[in-house]
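Chemist:
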Amino acid sequence: ILLKNNINQPLPIASLTKLMTAIIVFENTTEVDESKDSSPSSPIKMGSINDYDFSNLITVSEEAASQEDVPIFGNLKAGDKLLLERALELMLIYSSNDAAFALAELVGTENFVEKMNLKAEELELENTHFVNPTGLDPKGIHYEPANIACFNHSTAEDLTKITQYILKKYPKIFEISVSQGPYPTENGTSDLAMPEKFKILGGKTGYTDEAEGCMLLVLEDGKENKYINVILGAPSAAARIVETQKLIDWLAIGQ
Numbered sequence: 001i002l003l004k005n006n007i008n009q010p011l012p013i014a015s016l017t018k019l020m021t022a023i024i025v026f027e028n029t030t031e032v033d034e035s036k037d038s039s040p041s042s043p044i045k046m047g048s049i050n051d052y053d054f055s056n057l058i059t060v061s062e063e064a065a066s067q068e069d070v071p072i073f074g075n076l077k078a079g080d081k082l083l084l085e086r087a088l089e090l091m092l093i094y095s096s097n098d099a100a101f102a103l104a105e106l107v108g109t110e111n112f113v114e115k116m117n118l119k120a121e122e123l124e125l126e127n128t129h130f131v132n133p134t135g136l137d138p139k140g141i142h143y144e145p146a147n148i149a150c151f152n153h154s155t156a157e158d159l160t161k162i163t164q165y166i167l168k169k170y171p172k173i174f175e176i177s178v179s180q181g182p183y184p185t186e187n188g189t190s191d192l193a194m195p196e197k198f199k200i201l202g203g204k205t206g207y208t209d210e211a212e213g214c215m216l217l218v219l220e221d222g223k224e225n226k227y228i229n230v231i232l233g234a235p236s237a238a239a240r241i242v243e244t245q246k247l248i249d250w251l252a253i254g255q
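Quick note: the sequence shown uses the UniProt record's numbering, first residue 1, plus one each step.
1) Under the rule that 16 or more other beta-carbon atoms within 10 Å means buried, what is His153, buried or exposed?
2) Kindly give me the distance between the Cβ atoms of Ile166 and Leu19, rounded to whole angstroms, as I take these residues to be in contact under 8 Å.
3) Helix, strand or coil for Met91? Go by DSSP, reduced to three states.
4) Tell me the DSSP secondary structure of Ala211 in three-state form.
5) Using 8 Å as the Cβ pair cut-off and three pairs as the minimum, do the segment 242 to 250 and the segment 166 to 180 touch?
6) Could you pull the start and end residues of the beta strand (DSSP E) that Thr160 belongs to?
7) Output the residue ranges of the alpha helix (DSSP H) runs that lie fully inside the segment 205 to 254 and measure 4 residues or longer, sorted by chain position.
8) Since Pro71 sits in a beta bridge, which residues does DSSP pair it with?
9) DSSP three-state label for Gly108, please.
10) Does the structure place the segment 98 to 116 close enough to the segment 137 to 145 that three or more beta carbon pairs sit under 8 Å?
11) By DSSP, does Glu119 sit in helix, in strand, or in coil?
12) What did DSSP end up calling Thr59 once you bin it into helix, strand or coil?
13) If you draw a straight line from the C-alpha of Ser236 to the C-alpha of Glu212, how long is it?
14) Use the C-beta contact count for Ser59: other C-beta atoms within 10 angstroms, 16 or more gives buried, fewer gives exposed.
15) Using the beta-carbon count (16 or more within 10 Å), is Leu201 buried or exposed?
16) Mapping the DSSP letters down to three states, classify Lys139 as helix, strand or coil.
17) Among the residues of its own chain, which have a CB less than 7 Å from the CB of Val25, if the five just before and after it don't count?
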């Protein structure tokens with residue numbers, strides 16, 4: 001750890017939740033066929049699976065379509081049909097709540113959330129808990145520390161552990177998160193000024209009224225050292241970018 005502040009304080013995490021949602025989907029893959037080339041429009045190539053079949057179409061339900069809209073792209077309508085792998089792309093690139101919910105519905109939303117919490121226990125995430133697959137705030141509840149259990153929550157330290165797990169087991173999740181779709185992405189990376197020696201391996205942003213600005217970014221320097229940056233509770237969506245940029249600039253000075 002190079003720099004830390006309140007890394008064990010549990011806070012709502014908004015759409016950073018979707019990293020665990022993606023883990024649960026990938027966790028049900030029993031075989032990954034890496035021999036097939038990926039294309040920008042279809043970055044996931046899967047073999048046989050358990051709960052999920054990446055080659056099949058899924059139909060968006062009324063409840064999935066009714067999740068809170070995202071700003072740019074990824075809002076679905078009831079009855080829409082899309083490949084499951086496309087739902088993953090919409091969730092990770094554009095932060096689609098509809099897609100995240102539709103993925104969870106395939107195995108039952110409650111069952112899916114239980115899998116998320118079991119995974120958190122397995123990874124020894126002592127201050128992490130999930131109540132939904134999207135990261136949306138519960139309706140009518142204003143966040144305060146006493147009611148943290150009503151929200152998807154975690155800590156900077158636990159999110160670092162989740163990131164390390166993804167890098168080790170499912171790096172494709174981060175590859176998808178920074179892949180280019182037809183619209184501007186919602187991962188925040190386009191708003192950052194990157195020093196020459198660094199490249200972005202992956203990232204995820206989050207924002208709700210109660211969680212405020214959240215951002216997780218994975219960088220790699222020219223020596224293949226990896227750096228995980230986690231910002232929680234920034235006072236605005238813009239502030240999370242400002243704080244992340246400060247961390248990047250600080251890292252660059254040390255190179």
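Where a beta carbon is used, it is the ideal one built from N, C-alpha and C, also for glycine.
Modeler: This is what the structure gives:
1) As a working note, residue 153 is residue 153 in the sequence shown. Buried, since its Cβ has 16 or more Cβ neighbours within 10 Å.
2) Residue 166 sits at position 166 when you count from the first residue of the sequence shown. Residue 19 sits at position 19 when you count from the first residue of the sequence shown. Right, their Cβ atoms sit about 7 Å apart.
3) Taking the sequence shown and counting its residues from 1, the one referred to as residue 91 is at position 91. Here Met91 sits in helix by DSSP.
4) Translated into the one-based positions of the sequence shown, residue 211 becomes position 211. In the structure shown, Ala211 sits in coil (DSSP, three-state: anything other than H, G, I, E or B).
5) no
6) Here residue 160 corresponds to residue number 160 of the sequence shown, with the count starting at 1. Where Thr160 is concerned, there is no enclosing beta strand (DSSP E), although the alpha helix (DSSP H) it sits in stretches over 156 to 169.
7) 237 to 253
8) What you label residue 71 is simply residue 71 of the sequence shown in a count that begins at 1. Beta-bridge pairing links Pro71 to no other residue.
9) Position 108 of the sequence shown, counting from 1, holds the residue named residue 108. Coil.
10) no
11) Taking the first residue of the sequence shown as 1, we reach residue 119 at position 119. The question names Glu, but residue 119 is Lys in the sequence shown. Reduced to three states, the DSSP call for Lys119 is helix.
12) In the sequence shown, counting from the first residue as 1, residue 59 sits at position 59. Thr59: strand per DSSP, three-state reduction.
13) Taking the first residue of the sequence shown as position 1, residue 236 is located at position 236. Taking the first residue of the sequence shown as position 1, residue 212 is located at position 212. Going by the C-alpha atoms only, they are around 6 Å apart.
14) If you number the sequence shown from 1, residue 59 lands on position 59. Looking at the sequence shown, residue 59 is not Ser but Thr. With fewer than 16 other Cβ atoms within 10 Å, it is exposed.
15) The residue given as residue 201 occupies position 201 in the sequence shown. Leu201 is buried by the Cβ-count criterion.
16) Position 139 of the sequence shown holds residue 139. Looking at Lys139 - three-state DSSP - the assignment turns out to be coil, as it is neither helix nor strand.
17) Walking along the sequence shown from the start, residue 25 turns up at place 25. Answer for Val25: Tyr52, Leu88, Leu103, listed in chain order.
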